[in-house]
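Structure record follows, encoded as structure tokens.
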Amino acid sequence: MKRSTLLAALLVGLAIPASAGAADVTAVHAVQRDLALASTFWAVEQPTLVSPCVADQVLVTTMQDGIGDGGALIPAADVWAETALGACSIDIAPVAWALGTSGDSGTSEMFCVLIAHEYGHTLGLPDTESIPLMSSSWGRRDDPLCDQAVYGWRWTLHKDREWIAANRSELRMATIERKARDAAASAQVSASQPAASQASASAPAGVTQPPVTPTPTA
Ligand SMILES: [Zn+2]
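The sequence shown begins at 1174 in the working numbering and counts up one residue at a time.
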């Protein structure tokens, strides 16, 4: 499978649809997979962080202007995702959703990495260069679990295979714990419908911009 997808080429010609309201895509299979991978990744990388959320919600919605590095204002049109720190709701821009669900491997992985990054915000992590996946730069963001899920082990990058191999037992434990948590959460949610939405109306702190330049991963 070809790895070097040129995101810029895909972005050209894609207009952001004028959307009315937010679409809850939490239940979409790919979103569930990416949330599970994100949870597992962070359980291995930052085991002391505990999600404050019973369940995470993913919404496709129009973006607000955001705050970027150094407090600079980022216009909404340049934002792909927004998640307030410690919130349980991840907002995805329609353009990022369209790319992530287009069926293309490169953009599927990009979307998975995007979810993993935003999931970091739900755990309270800010955008920071000290944690590669929380970097503002797409070139530094890497989630080996996304690589493996999208491309399969045979095509997984060497460095990502090494991370997976080095963390085998941690990954197994994280997966077991996540499944137990999910089971408890679904029991809790069904017992207390409707689940309270924590979508915040305040200015989001964690915003993700599209890659400025295509970043081939191979
Ligand atoms: Zn961010």
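The beta carbon of each residue, even a glycine, is placed where N, CA and C say it ideally should be. In this text, all values refer to a predicted model and were calculated from it rather than measured experimentally.
Worksheet item: Which word fits Q1230, buried or exposed, when buried means at least 16 other C-beta atoms lie within 10 angstroms of its C-beta?
Response: If you number the sequence shown from 1, residue 1230 lands on position 57. The residue is buried, with at least 16 neighbouring Cβ atoms inside 10 Å.
Discussion item. Three Cβ pairs or more, each shorter than 8 Å: is that satisfied between the stretch 1323-1332 and the stretch 1294-1303?
Written reply: Touching, no, given that fewer than three Cβ pairs across the two stretches are closer than 8 Å.
Worksheet entry | Per-residue burial, R1345 [other beta carbons within 10 Å of its own, 16 or more giving buried] | The sequence position of residue 1345 within the sequence shown is 172, counting from 1. R1345 comes out exposed.
Practice prompt. Go ahead and pull the three-state DSSP assignment for G1194.
Written response: Here residue 1194 corresponds to residue number 21 of the sequence shown, with the count starting at 1. Residue state, collapsed to three classes: coil.
Practice prompt. Spell out the partners DSSP gives S1262 in its beta bridges.
Written response: By 1-based counting over the sequence shown, the position of residue 1262 is 89. Bridge partners of S1262: Q1230.
Item to complete: Have a look at T1381 and S1281 and give me their C-alpha separation to the nearest angstrom.
Response: Walking along the sequence shown from the start, residue 1381 turns up at place 208. Walking along the sequence shown from the start, residue 1281 turns up at place 108. Whole-angstrom Cα-Cα distance: 16 Å.
Discussion item. Per DSSP, what are the beta-bridge partners of A1203 in this structure?
Written reply: The residue labelled residue 1203 in the question sits at position 30 within the sequence shown. Answer by DSSP bridge pairing: none, since A1203 is not bridged.
Fill in: Extent of the continuous alpha helix (DSSP H) run through A1353
Your numbering for residue 1353 matches position 180 in the sequence shown. Unbroken alpha helix (DSSP H) run through A1353: 1341-1364.
Worksheet item: Can you tell me where the alpha helix (DSSP H) with E1291 in it begins and where it stops?
Response: Sequence index remark: in the sequence shown, residue 1291 carries index 118 (1-based). First-last of the alpha helix (DSSP H) with E1291: 1278-1295.
Fill in: Exposure label - I1349; buried when at least 16 CB within 10 Å
As a working note, residue 1349 is residue 176 in the sequence shown. Exposed: under 16 other Cβ atoms inside 10 Å.
Worksheet item: Whose CA, out of P1317, C1285, H1294, Q1237, lies closest to the CA of A1195?
Response: Taking the first residue of the sequence shown as position 1, residue 1195 is located at position 22. Out of P1317, C1285, H1294, Q1237, Q1237 has the C-alpha closest to the C-alpha of A1195.
Worksheet item: Quick one: is A1188 buried, meaning 16 or more other Cβ sit within 10 Å of its Cβ, or exposed?
Response: As a first step, residue 1188 is located in the sequence shown; it is residue number 15 there, counting from the start. Low local confidence applies: a pLDDT of 37 at A1188 is under 50, so the model's placement there is unreliable, with the coordinate-based value given in what follows. Label assigned to A1188: exposed.
Practice prompt. Identify every residue that forms a DSSP beta bridge with I1337.
Written response: As a first step, residue 1337 must be located in the sequence shown, where it is residue number 164. Beta-bridge pairing links I1337 to no other residue.
Worksheet entry | Limits of the alpha helix (DSSP H) - the one that A1322 falls within | Locating residue 1322 in the sequence shown gives position 149, counting from the first residue. That run of the alpha helix (DSSP H) goes 1317-1324.
Practice prompt. Indicate the three-state DSSP secondary structure (helix, strand or coil) for E1302 in the structure shown.
Written response: Sequence index remark: in the sequence shown, residue 1302 carries index 129 (1-based). Residue state, collapsed to three classes: coil.
Practice prompt. Go through its chain and collect everything with a Cβ distance to L1246's Cβ below 6 Å, but skip five positions before and after it.
Written response: Mapped onto the sequence shown, residue 1246 falls at position 73. D1238, listed in sequence order.
Worksheet item: Going by the C-beta, is D1229 closer than 6 Å to any heavy atom of ligand 1?
Response: Working through the sequence shown from its first residue, we reach residue 1229 at position 56. No, since every heavy atom of ligand 1 falls outside the 6 Å radius drawn around the Cβ of D1229.
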